[in-house]
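Reading through the structure tokens given below for one structure.
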Amino acid sequence: MSFFKRLKEKLVGSNEEQKVEQPELGEQQVAELSPLEVIEEAVKPVQEIEKEIEQTAAEEVETTSTAKEPVEEVLFGNETVETVEEIVEEQVEEESTKPSAWSITQKFKAGLEKTRNSFTSKVNDLVARYRKVDEDFFEELEELLLQADVGFETVMDLMDKLRYEVQRQNIKDTNGIQAIISEKLVEIYESGEENLTDLNMQQNGDLTVILFVGVNGVGKTTTIGKLAHRLKSEGKSVMLAAGDTFRAGAIDQLQVWGERVGVEVIAQSEGSDPAAVMYDAVRAAKNRGVDVLICDTAGRLQNKVNLMNELEKVHRVISREIPNAPHEVLLALDATTGQNALVQAQMFKEATNVTGIVLTKLDGTAKGGIVLAIRNKLHIPVKFVGLGEKMDDLQPFDAERYVYGLFADGLEKELKEIED
């Protein structure tokens, strides 16, 4: 399946979602839409709603009636709504349910804005300057990718694939080159594997234990709170374990998140043995019939040997209570640290069996290419990314949406040129 076909599915969702979100289009019509038309159709309902709300708000200001009097009726989709408040309430209710495919795609686009403004604008300039795809073009593109922290090995792999594809398709000019770059980046990330972001959740009501590791200051505790919120919104019961007993305020911070999300936190006093906290937490989670236990750990890296011993002890205590646990070991990394994140990932990979990466603060860096470097060099999938400060801004990583977020402006321009 081509990149644009996969992206189309991600933008408008499954066939069932298309029927709900776009009732005015038949299945045959949806299938025949070009990628650009898909984007326009996905945006259209949102634009219409915003326009109607603005018009109704203006009418409300102009009228001399009191707030208690009914506002002039406005058309909302196929239904008639009497007040602006009802429109807002309906939107809030809609947002509190499952987010649409388009809204998730937009989160990636907004979250990667800094990287796109820095990196993609240079790619656009490069494409504009070069009419032909030659060796000079590849060399400059290679340099731009390295500046975005994509990583040396990943860049070399991408360049080989691009050269082969250009030769295979007998491509002479730079028209459409960003679409090819996008598709090859997705292929490199996925490497033929599927369901990379799925958590190893236990079935039949068994307890799932997720162990969080990472250095201090990367947003580990905040990410744990957001993941707890996400799992709870999916209908799962969640408990937190405050295993970072050495950092001042770490326990209090996790307890605040527990109160905010509405989940129980198992903790001991500051300076306690982290393994003892994990023992208490596992026993409590089993006794209460909890679905998921998320365990925080200390993030000290002053002594690698001590770190390894501590994590091994925690791992041993958990697995003694629940065979094959922890079921996930997620490493929190700060995307703004660039190549330093890669070094941390390598260190923790040696210390424990890291099963996935949670890349925080991706919206705060201009070097979002680190996602590809981590995947290609360490062969660890990025399972979640932080795309903002809101509770629901922790999103499962998606290769197509990520690449779209990197090249959104250029891809949309190429699509427009195809349509014209």
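For the sequence shown, the working numbering gives the first residue as 3, with consecutive numbering after it. C-beta: ideal position from N, C-alpha, C; glycine also. Please read these numbers as outputs of a predicted model, since none were measured by experiment.
- Taken through DSSP and simplified to helix, strand or coil, K234 comes out as helix.
- In the same chain as G227, and ignoring 5 residues on each side of it, the C-beta atoms closer than 7 Å to its own belong to W259, R262 and V263, in chain order.
- At the C-beta level, A334 and G216 come within 7 Å of one another.
- Taking 8 Å as the upper bound for CB-CB distance, L201 and E192 are not in contact here, some 18 Å apart.
- Here Q169 is exposed. Its C-beta has fewer than 16 other C-beta atoms within 10 Å.
- Three or more Cβ pairs closer than 8 Å define a contact, and the region 109-125 meets that threshold against the region 365-379.
- Judged by DSSP secondary structure, M158 falls within the alpha helix (DSSP H) whose first and last residues are F154 to R170.
- Runs of the alpha helix (DSSP H) lying entirely within the region 298-380 and spanning at least 4 residues, in chain order: 306-323, 341-353 and 372-380.
- G251: not part of any beta strand (DSSP E); DSSP gives it neither H nor E.
- When DSSP states are grouped into helix, strand and coil, M241 belongs to the strand group.
- For R232 and M393, the gap between their C-alpha atoms comes out near 8 Å.
- According to the DSSP assignment, F140 belongs to no beta strand (DSSP E) but to the alpha helix (DSSP H) extending over E137 to Q149.
- Following the DSSP letters along the chain, one finds G388 inside the beta strand (DSSP E) bounded by residues V384 to G388.
- Contact between D298 and F214 holds: their C-beta atoms lie close to 6 Å from each other, under 8 Å.
- In chain order, A353 place their CB closer than 6 Å to the CB of M310, counting only its own chain and leaving out the 5 sequence neighbours on each side.
- Note that the C-beta distance between G340 and I372 is below 7 Å.
- In terms of Cα proximity to L229, the closest of F248, Q205 and L256 is L256.
- Residue environment for F350: buried (at least 16 other C-beta atoms within 10 angstroms of its C-beta).
- According to the DSSP assignment, L187 belongs to the alpha helix (DSSP H) that extends over I179 to E192.
- At the C-beta level, R133 and D159 stay beyond 7 Å of one another.
- Using a 10 angstroms sphere on the CB of E195, the tally of other CB atoms stays under 16, which defines it as exposed.
- In its chain, beyond the 5 residues on either side, G245, T247, T299, A300, E312 and V316 have a beta carbon closer than 7 Å to the beta carbon of P276.
- Per DSSP, F121 is not a residue of any beta strand (DSSP E), being assigned neither H nor E.
- Distances from the alpha-carbon of L344 to those of F139, A375, G251 and Q171 put A375 closest.
- For L396, the secondary structure class from DSSP, reduced to helix, strand or coil, is strand.
- Assignment of beta-bridge partners to E266 by DSSP yields M241.
- Annotated three-state conformation of I226 is helix, per DSSP.
- Counting C-beta atoms within 10 angstroms of its own C-beta, R322 has fewer than 16 neighbours from the protein chains shown and is therefore classed as exposed.
- Residue range T210 to V215 is occupied by the beta strand (DSSP E) that includes I212.
- With 16 or more other Cβ atoms inside 10 Å of its own Cβ, N378 counts as buried.
- Per the C-alpha coordinates, the member of F139, D151 and A150 positioned closest to M161 is F139.
- Per DSSP, N202 is not a residue of any alpha helix (DSSP H), being assigned neither H nor E.
- By the Cβ-count criterion, S102 is buried, with 16 or more other Cβ atoms from all chains shown falling within 10 Å of its own Cβ.
- Nearest to E272 by C-alpha distance, out of G251, A130, I190 and V265, is G251.
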